[in-house]
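Here's the structure, in structure tokens; my notes come after.
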Amino acid sequence: MKRRFENIALSKINKALFELKQCLFFIVLASQTFAQIPTNTWRTHADYFSAKGVEIVEKNKIYCFSKNGFFYFDKATNQNFTLSKLNDLSETNISQIRYISDFKTLIIAYESGNLDLMSITADGLPNKIQNIDFIKKTDAIQDSKTINQIEFRGDFAYMATDFGLVVLDVKKNEIKETYQNIGNNGNKVAVKQITFARDSIFANTSGGILGAKFSATTNLQFFGNWKPITASTASQLFQTQSFPKDNLIVFPNELEIDADGKIWIADGENGLLSNFSGSFKSYSPNGVKGDIFSVFYRNQSIYASGITGNAFVDNLWKSLLINQIPNNSSDIIDQYGYRWQISGQTLRVTDPATNQTRFYFAGRGAGGLPTSNVNSIALDRDNLLWVGTDNGVAVIVTTRDIFTTASEAYTPFFQTRRLLLQEVINKIVIDGGNRKWIATQNGLNLFSASADEQILNFTEENSPLPSKNVIDLAIDSILGEIFVLTQKGLLSYRTDSSEPSEDFSSVKIFPNPVRPDFQGVLTVSGLRENTALKITDTAGRLIYETKSNGGTATWDLQKFEGSRAASAIYMVFCVAEDGSESFVGKVAVLR
Numbered sequence: 001m002k003r004r005f006e007n008i009a010l011s012k013i014n015k016a017l018f019e020l021k022q023c024l025f026f027i028v029l030a031s032q033t034f035a036q037i038p039t040n041t042w043r044t045h046a047d048y049f050s051a052k053g054v055e056i057v058e059k060n061k062i063y064c065f066s067k068n069g070f071f072y073f074d075k076a077t078n079q080n081f082t083l084s085k086l087n088d089l090s091e092t093n094i095s096q097i098r099y100i101s102d103f104k105t106l107i108i109a110y111e112s113g114n115l116d117l118m119s120i121t122a123d124g125l126p127n128k129i130q131n132i133d134f135i136k137k138t139d140a141i142q143d144s145k146t147i148n149q150i151e152f153r154g155d156f157a158y159m160a161t162d163f164g165l166v167v168l169d170v171k172k173n174e175i176k177e178t179y180q181n182i183g184n185n186g187n188k189v190a191v192k193q194i195t196f197a198r199d200s201i202f203a204n205t206s207g208g209i210l211g212a213k214f215s216a217t218t219n220l221q222f223f224g225n226w227k228p229i230t231a232s233t234a235s236q237l238f239q240t241q242s243f244p245k246d247n248l249i250v251f252p253n254e255l256e257i258d259a260d261g262k263i264w265i266a267d268g269e270n271g272l273l274s275n276f277s278g279s280f281k282s283y284s285p286n287g288v289k290g291d292i293f294s295v296f297y298r299n300q301s302i303y304a305s306g307i308t309g310n311a312f313v314d315n316l317w318k319s320l321l322i323n324q325i326p327n328n329s330s331d332i333i334d335q336y337g338y339r340w341q342i343s344g345q346t347l348r349v350t351d352p353a354t355n356q357t358r359f360y361f362a363g364r365g366a367g368g369l370p371t372s373n374v375n376s377i378a379l380d381r382d383n384l385l386w387v388g389t390d391n392g393v394a395v396i397v398t399t400r401d402i403f404t405t406a407s408e409a410y411t412p413f414f415q416t417r418r419l420l421l422q423e424v425i426n427k428i429v430i431d432g433g434n435r436k437w438i439a440t441q442n443g444l445n446l447f448s449a450s451a452d453e454q455i456l457n458f459t460e461e462n463s464p465l466p467s468k469n470v471i472d473l474a475i476d477s478i479l480g481e482i483f484v485l486t487q488k489g490l491l492s493y494r495t496d497s498s499e500p501s502e503d504f505s506s507v508k509i510f511p512n513p514v515r516p517d518f519q520g521v522l523t524v525s526g527l528r529e530n531t532a533l534k535i536t537d538t539a540g541r542l543i544y545e546t547k548s549n550g551g552t553a554t555w556d557l558q559k560f561e562g563s564r565a566a567s568a569i570y571m572v573f574c575v576a577e578d579g580s581e582s583f584v585g586k587v588a589v590l591r
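Next up, the structure:
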């Protein structure tokens, strides 16, 4: 292989060098078009249409949050920009936002009680984030910690929560006080709204409307200082917002009016609505619509199915009727034509030609599974059936005589113990490099082809995952993007693998050029299985080499000795495993 590669290099490198010098100027000016996200990066796929709240920030920015999404609309550029954990937010499920202009701070409150204080520039753009997790982490509050409303007085934000009132010192970025058990006789009450009128503070609670004198000498932590308010007074304090009539306004949740008199509405059906440009229209970003229960890959497309249907086409989500969603069967046909399927949570294999059936259960002699409850099956490139159960992973060797022999499942081992023992496996998918992506209730794992090496482990703490409970997976096998459905929303990750190609006719090198601010990996896609990738400089010196994961290979832009690749033109040599085909490309690295 080494001699064959050298021959290819010698015969093609001189011609390639001349071409490189001729086109370097044009390479620098025009990056290669590639619609996907960079390799080893994430993107979110939130439902931006289930809008819950809206806030006007400075003059031209409108911030809006939905059930699991967050974004702002820029009136000056007529563009929207999504925000998520990828932008250093702490969580996903927001319950309330409120902007305090005196401190140029946007308070972002989550359903968990967690708080992010986002500093805002003079132009209304997001800046640094200060997290306050006292409410979320305190054991003193066992009830729901959802923050329902935020009102400002001086340097303080008063927050109505499901467990009482919280006072946040915005200037010092710390919790000052909490008022709990302020109901009749010290009963627990949830506070839905608060307001200030004259010299008093009023709270709309689960126990009725309560009021107290708002002064430095009044102890608001003492329930006796909170008095019931008559219904007539209450109706004047907490008035329901009225909304304009329009076909797009279906489930309005909140309304704000900007300095130009334009109306902005957070609508639960159609997202952020406004008459900003005349008649009402939606200003929400593209995303999935409705609650998602499953994701799957069919007909070279990703589908997200739930209350409504969604299809990911040309990097955009399109809404579909449920009857337009293709069948999402988990049945697998092996190389012998046998059908493997999960019936209930029981694994069985059937020969359609003879109707022979075999079931796999837990225990020796019954199938060898670690438990009889099976949640997922996947057939890898070695014709091994990987089985995800309520107690880890098992593997079945698919054979022609599966109905007549006593062969049973075996459990792969990782670091001297059974693979993901005592973990509930929700889904297993196989990528183009024959590696195993395994979703559990505690995160997402990537294992090598034989599962003897853990390559990645994504959790809620070390990744943008909004929840550690990953309930479904689907991989675009051609592009190598894996879609990850969690308990709190959908996102995707561009893997460094893809299905191998039959030849080198569709090889892509990206990004090209590699610009100074790029921090990712160079990716070469469209390769054959186990393609040898070699990177050299224009003098022919070997800089880096690897093999492809299926149809994709990557370079971290580091040389063998560990130094960063300098500004230069580099040669990209790709040689098929059997030496029958090769490809020579070039990439410009700018520093």
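Residues 1 to 591, numbered by the UniProt record's numbering, are exactly what the sequence shown covers, in order. Note that beta-carbon positions come from the ideal geometry of N, C-alpha and C, so glycine has one too.
Query, Result
"Distance between beta carbons of ILE135 and VAL166, contact taken as under 8 angstroms", "7 angstroms"
"GLN32 classed as buried or exposed, judged by whether at least 16 other C-beta atoms fall within 10 angstroms", "Its pLDDT being 33, under 50, GLN32 is placed unreliably by the model, and the measurement read from it follows with that caveat. Exposed."
"PHE238 in three-state terms, based on DSSP", "coil"
"Among ASN530, ILE132 and GLN300, the one whose alpha carbon lies nearest that of ASP503", "ASN530"
"Secondary structure of SER279, DSSP reduced to three states", "coil"
"Delimiting residues of the beta strand (DSSP E) encompassing ILE120", "115 to 120"
"Exposure label - ALA532; buried when at least 16 CB within 10 Å", "buried"
"Helix, strand or coil at residue 629 according to DSSP, with G and I counted as helix", "Lying outside 1 to 591, the shown extent of the chain, residue 629 is not represented and no answer is given."
"Cα-Cα separation, PRO38 to VAL521", "8 angstroms"
"Beta-carbon gap between SER284 and GLY271 smaller than 7 angstroms", "yes"
"Candidates ARG364, ILE342, GLY365 and TYR336: closest to ASP351 by CA position", "TYR336"
"Best match in TYR544, ASP380, ALA553 and ALA234 for proximity to LEU527 [C-alpha to C-alpha]", "ALA553"
"Opening and closing residue of the beta strand (DSSP E) in which GLU481 lies", "481 to 486"
"Proximity of GLY551 and PRO500 at Cβ, strictly below 7 angstroms", "yes"
"Whether SER90 touches ASN127 by CB criterion (7 angstroms)", "no"
"Buried or exposed by the 16-neighbour rule on C-beta atoms within 10 Å, applied to PRO228", "exposed"
"Beta-ladder partner(s) of ARG98, from DSSP", "ILE107"
"Beta-carbon gap between ASP291 and ALA51 smaller than 7 angstroms", "no"
"DSSP-derived helix/strand/coil call for PHE510", "strand"
"Minimum C-alpha distance to LEU479 - residue among ARG381, ARG358, LEU220 and VAL313", "VAL313"
"Three-state secondary structure assigned by DSSP to GLY365", "coil"
"8 angstroms contact criterion, which VAL170 and ILE100 should meet: CB distance rounded", "6 angstroms"
"CB of ASP431 within 7 angstroms of CB of ILE475, strictly", "yes"
"Burial state of PRO252, where buried means 16 or more other Cβ atoms lie within 10 Å", "buried"
"Whole-number beta carbon distance between PHE196 and PHE214, since they are thought to touch under 8 angstroms", "6 angstroms"
"Distance between LEU542 and GLU6 (C-alpha atoms, nearest Å)", "Per-residue confidence for GLU6 stands at a pLDDT of 47, beneath the threshold of 50, marking its modelled position as unreliable; the derived number appears in the next sentence. C-alpha separation (whole angstroms): 11 angstroms."
"Buried versus exposed call for ALA203 [16 or more other C-beta atoms within 10 Å across all chains shown]", "buried"
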